Each structure stands twice: as C-alpha cells, then as structure tokens.
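Undergrad:
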Amino acid sequence: MNDSKADGDDRAANSNRNTTRLKIWTAAWVMTTAIAAFGAKLVWDFAPLPTIGAQFLNLGAGVGMIIATCRYVQGLDELQQMIFLQAGAITLGVGLVVGLSYDLLEDVRLIAFEPEISHLVMLMCLTFLLATIVGHWRYR
Amino acid sequence: MKNRLKVLRAERDWTQAQLAAELEVSRQTINAIEKGKFDPSLPLAFKAARLFGLSIEEIFQDEATP
Chain A
1 MNDSKADGDD RAANSNRNTT RLKIWTAAWV MTTAIAAFGA KLVWDFAPLP
51 TIGAQFLNLG AGVGMIIATC RYVQGLDELQ QMIFLQAGAI TLGVGLVVGL
101 SYDLLEDVRL IAFEPEISHL VMLMCLTFLL ATIVGHWRYR
Chain B
1001 MKNRLKVLRA ERDWTQAQLA AELEVSRQTI NAIEKGKFDP SLPLAFKAAR
1051 LFGLSIEEIF QDEATP
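Sequences listed follow chains A and B, in order. Last residue of the first sequence: number 140 in the numbering used here, and the count goes up by one each step with no gaps. Last residue of the second sequence: number 1066 in the numbering used here, and the count goes up by one each step with no gaps.
(1) Can the beta-carbon of B/N1003 be found less than 8 Å from the beta-carbon of B/Q1016?
(2) According to DSSP, which residues form a beta bridge with A/Q55?
(3) Alpha helix (DSSP H) containing B/E1011: first to last residue?
(4) So, helix, strand or coil for B/K1002, using DSSP?
(5) I want to see whether chain B comes within less than 8 Å of A/Q81, judged by CB atoms only; does it?
(6) Mind pulling the chain B residues with CB within less than 9 Å of A/E114?
(7) Can you tell me which residues form a DSSP beta bridge with B/F1052?
(8) Just to make sure I have the definition right: I need the residues of chain B whose C-beta is within less than 8 Å of the C-beta of A/D107. Which are they?
(9) Per DSSP, what kind of secondary structure is B/F1046 in: helix, strand or coil?
(10) Using a Cβ cut-off of 8 Å (strictly closer), state whether B/E1063 contacts chain A.
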C-alpha cells in the first residue's frame, strides 16, 4: 500500500490534466465557431480569405476537441468509460430519432418554421448531461 | 456476481479510496463493485487478485455457483 497514495495522485493528476485539456479545446472550438459564424457578417464583410481562414480555424479546433475527448475517455476507469459510452449511445439515438422527426415536421407542414440545427445540438447536450447524471446515480 | 472485496478490504483496514488508488480506478468503481452493481473486467479482477494474494475465484463468485 506504500505506493497507493502516489498511484492515486498520479491518476488524479492525469485525470485533471485531461479534463483541463478538454476544457481548453472546447472553449477554443466555441470561440472559433463564434468567429466563423459572426466574423464574416460583423467584422470582415464576407471577404473570402478571412472567411475561409475562420472556417479552417474552426475545423482545426474541432479536431483538437475530438482528440482531447478521446484522451479524456482513455483516462477514465472502466466504470466511468461505461457510463460515458452509455450516455453517448443514448444521445446518438435521441439525436437521430428526434432529429429526423423534427426535420420531417416542416416537410409535412406541422410546423411553419425551418428546423434549426442548434435546437438539435441543445437537445443532444441536455440528453448527454441527463444520461451521465443518471449513469453516475445508478452506480453511486 | 458476488464478491468479497469489502471483507478483504476491511481485514486490511483499507479505505475504499486506498483500494481504488492501488487498483488505479475511481472510488466510485470500488463502491459499485462492492455493492454488486458493477462487475469488473478480467484485467481488473486479476489486479485485485494479485493485490490480495488470492485467486480470482476466492474474491469473485458467480451467483449461480452454490
């Protein structure tokens, strides 16, 4: 048991490092998304070069966020990975089923407005959050 | 699956956090295994067996086994 505290500290430090890395990449992705979305309209008046640059910047930050997420998941232990995987599967299912139904609503004229992708993203975020909380509650 | 993890841990006067650190998992995982809510993977079961100096069968038992 002599090394257990060191092992635990290593694991905690590694987990904190992965979480911090994921937070930074997520913040970068959100910021570059905002720049890509509003920059062309509000700052450089749809000039092609900065618009393309902003899109590539956003794509790069997105790739970074995906890699950071993979490292974060690899750093979790097997129970936490299972909870993450189940939450991801539920989110994928809800996103696919509700997303397609939501898109169909306009086609069959049940709603008058055009379905927004942001609504689907919000639903998926809330679903993942709820599924993760329930997962942790189940194995508490 | 039943297990004797809680008993073995108590015999050595270890906390869940200490055992978790030793097995390189979270305290939540140890708690879930002890309560029978989560079955560990084979590598984790081997690691626990090595730590306690026992065989896997001496720690984990199939519920169907009499």
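Note that CB positions come from ideal geometry on N, CA and C, so glycine has one too. The structure displayed is predicted, hence computed values, not measured ones.
TA: The answer reads as follows:
(1) no
(2) Answer is none; A/Q55 lacks a bridge partner.
(3) 1005-1011
(4) strand
(5) no
(6) Per Cβ cutoff of 9 Å: no residues; A/E114 is ~43 Å from chain B at best.
(7) B/F1052 pairs with nothing; no bridge assigned.
(8) Simply none; closest approach about 44 Å.
(9) helix
(10) no
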